[in-house]
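Every number in the numbering used here is 1115 more than the matching position in the sequence shown, counting from 1.
For glycine and all other residues, C-beta sits at the position ideal for the given N, C-alpha and C.
Model, not experiment: these values are computed from the prediction.
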Amino acid sequence: MCGIIGQVNKNATIISSDFERMRDTLAHRGSDGFGAWYSEDKKTAFGHRRLSLIDLSEKGKQPMCNEDRTLWLTCNGEIYNYNALKNELIQKGHVFCSESDSEVIIHGYEEWGASVLEKLDGMFAFGIYDEKNQKLFLARDRFGIKPLYYYYDSETLIFASEIKAIIASSMVPRKINFTSFCNFFTYRYIPSPDTIWENINKLSPATYLIFDKINAPIVKEYYSPDFITTTNNYENITAKLDNLLEQSVSSHILSDVQVGFFLSGGYDSSTIAYYLNKIKYNTQAFSIGFENWEKSEHYYAALVAKTFQQPLQTTIMGNDNLSELEDLSYFYDEPLADISILPTYFVSKSAASKVKAVLSGEGADEIFAGYTWHREIPLNLDIRSKIYYLTQKIKRKHAHFSVENYSEAMSMGCFDKKELCKLLNPDLFSYIPEDTNWFYRKHFKKELSGLKAFQYLDIKTFMGELVLTKVDRASMANSLEVRVPFLNHHLTDFVTQLPEEKYFSKSQTKILLQNTIKNKIPQEIIKRPKQGFVGPDTYYMDISWYKKNLENCNLIREKIIRKETVEGYLQSKDHWRLWKILIMENWYKKWMI
């Protein structure tokens, strides 16, 4: 796991001291080393901050090149099938100079071009520069596990793992994108490909970018989750899933250093604990608990750790930890209003004291339909079907899986156009999107059944934009790599191409996963109700805390939001809207004041 940066100028030469200063804003992403490469004409540069997990030698250092030094690579991530790809490429005549998994990317690109992306199993964000053809190639993994941002104007393209490295350049103006500002309040994040800054974009998950210094960058998609039912053989589904899970966990522990795991005591992390035990990988588990909260999960985490004889390190959070929320704005250099950012940060900090990498259970709820909103959807009801329109009863059912209702379930304090007009000063009204649900509508697949349409939305919006971003920033703030074995695309494609009744039941959360592991993990875990990774409500419902931080905040003083609206939210104890405003205020204070 690493931090990467690159710059391609059309005319100006790159000053090495400036470029390396930009690179070193990413030092938290890679504390084991750093590197830089400059083209002969000094108009292109790649930088790298290294967190070494595979091939700890100097040979694994980046940026790295191919045999004739015409292709250069800077990469963040892990390629889990690199041994198989390496053997295939050696047979085709490629010469490797390291044991690094990243090296298969550059030789794979040399052999297959952009099609190498279809062969990679892993999480990644990388840049390749073809010095002979003066062409830049950027790519991001299928689900957006690893981040990649870029700035483009008529003279330069700059890319990096985090925005802070880009805005450290004197060539990049700091100007807020106020449409993105509005979108944040609707979604809790800034939807791709936009960011909070004008002229800085995210490279969306499962896309690649080509830039040739002459034309504007071209972005293309190379993968999309396939929810169309194609599986014909429904025999031994749990046995097949069992095998896929074991293979994925096994591949995700591939490393030259120890890999630990996060353990909450829910289905997902307990499943990982079981397979680690099955393959006889003894390692360290990390959990988090909360003071004076009857729902704290550390009891269940201890039960699972004891069952599988894995040592457990538990961190207990208290209300005093809320004071550190403002400091996280440096690492979340775009506003992100996920309520679990603090516990994720602290469990990552705990893990980083013992290991460099951990496994975690992100993705399981999206793939196995484990969220509460999934249970509101009628099974096998095609949204396009005319049957849907025949009765008022079915019409009422459809309301539970409209884009609008999905938005309400996601928002945690809804900001539609009317509410945004209440919050913002009138001179910003023109930035409010006419359709505040445009991002959900963009990814809403009407040809899918209700459940699968929602799962597709989960993966393309909520998971890729919010959940995985939260985990990446919280972990990398502590120089910790998080690997997510449920997001192995072979596993996800297997599940999502099944008929939904094979993996979903209204009476039981994640029924296929449960049937696969029910005799493998403690029954107390199987029978306990689902609980999100959030912490006690008292963390987010202390009105005095909001009042202290928001009553005369920068956003009010700068006449961006209205004081009377914030006062109204304080009076009505509208906690979730206040939470979003506080996150934006902390970001604004860090990056604009």
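One Cα belongs to K1625, the other to D1453, and the distance between them is close to 23 angstroms.
For W1312, there is no enclosing beta strand (DSSP E), as DSSP marks it with neither H nor E. Its chain contains R1490 as the residues whose beta carbon lies nearer than 6 angstroms to that of K1621, once the 5 sequence neighbours on both sides are disregarded; these appear in chain order.
The continuous alpha helix (DSSP H) containing D1383 extends over residues Y1382 to K1393. Excluding five sequence positions before and after Y1445, the CB atoms of its chain that fall closer than 7 angstroms to its own CB belong to K1705, given in chain order. Sequence-distant Cβ neighbours of T1611 in its own chain, meaning closer than 8 angstroms and more than five residues away, are P1340, D1341, F1342, I1482, K1567 and Q1570. DSSP places S1659 within a helical segment (H, G or I) once states are collapsed to three. Here T1353 is not near E1336, since their CB atoms are 8 angstroms or more apart. The beta carbons of D1309 and S1319 sit no closer together than 8 angstroms.
Excluding the 5 residues flanking it on each side, R1138 has same chain C-beta neighbours closer than 8 angstroms at G1118, I1120, F1149, A1151, G1162, H1163, R1164 and A1280, in chain order. Nearest neighbour of K1695 by Cα position, chosen from I1641, E1412 and N1298, turns out to be N1298. Collapsing the DSSP output to three states places C1668 in coil.
In the same chain as S1366, and ignoring 5 residues on each side of it, the C-beta atoms closer than 6 angstroms to its own belong to Y1195, in chain order. Separation of the CB atoms of D1383 and A1472 is rounded to 18 angstroms, and the pair is thereby denied contact status at 8 angstroms.
Annotation: I1129 to A1283 spans about 14 angstroms, alpha carbon to alpha carbon.
For K1335, the enclosing beta strand (DSSP E) covers residues I1333 to E1336. Excluding the 5 residues flanking it on each side, Y1546 has same chain C-beta neighbours closer than 6 angstroms at F1293, T1294 and C1297, in chain order. Straight through space, the alpha carbons of C1536 and L1443 are spaced by roughly 29 angstroms.
Counting only the Cα atoms, V1219 lies some 50 angstroms from L1538. Linking K1532 to W1553 through their CA atoms gives a straight-line distance of about 12 angstroms. Shown here for S1307: same chain residues with a beta carbon closer than 7 angstroms to its own, the five before and five after excluded, namely K1317, S1319 and E1580 in chain order.
Sequence-distant partners of F1530 (beyond 5 residues in either direction) whose C-beta falls short of 6 angstroms from its own C-beta, in its chain, are F1300 and T1301.
Between L1451 and T1584, the C-beta spacing is below 8 angstroms. Rounded to the nearest whole angstrom, the CA to CA distance from E1449 to K1247 is 36 angstroms.
In this model, M1525 and H1690 are separated by some 15 angstroms (Cα to Cα).
Contact check for D1216 and Y1197: beta-carbon distance about 4 angstroms, within the 8 angstroms limit, so the pair qualifies.
In the three-state reduction of the DSSP assignment, Y1396 falls in the coil class, being assigned neither a helical nor a strand state. Counting the other CB atoms within 10 Å of its CB gives C1668 a total of 16 or more, which places it among the buried residues.
Distance from the CA atom of F1405 to the CA atom of L1628, rounded to whole angstroms, is 28 angstroms.
Nearest in C-alpha terms to K1633, of all of A1275, D1357 and L1253, is D1357. Following the DSSP letters along the chain, one finds N1124 inside the beta strand (DSSP E) bounded by residues C1117 to N1124. No Cβ-Cβ contact shorter than 8 angstroms links T1185 with Q1177. Boundaries around D1608 are those of the alpha helix (DSSP H), H1604 to T1611, since no beta strand (DSSP E) includes it. Contact fails between the stretch 1406-1424 and the stretch 1249-1268, because fewer than three Cβ pairs, one in each stretch, are under 8 angstroms apart.
The stretch 1262-1328 contains, as complete alpha helix (DSSP H) runs of 4+ residues, the segments 1278-1282 and 1293-1302 (chain order).
Beta bridge pairing from DSSP links C1190 with F1241.
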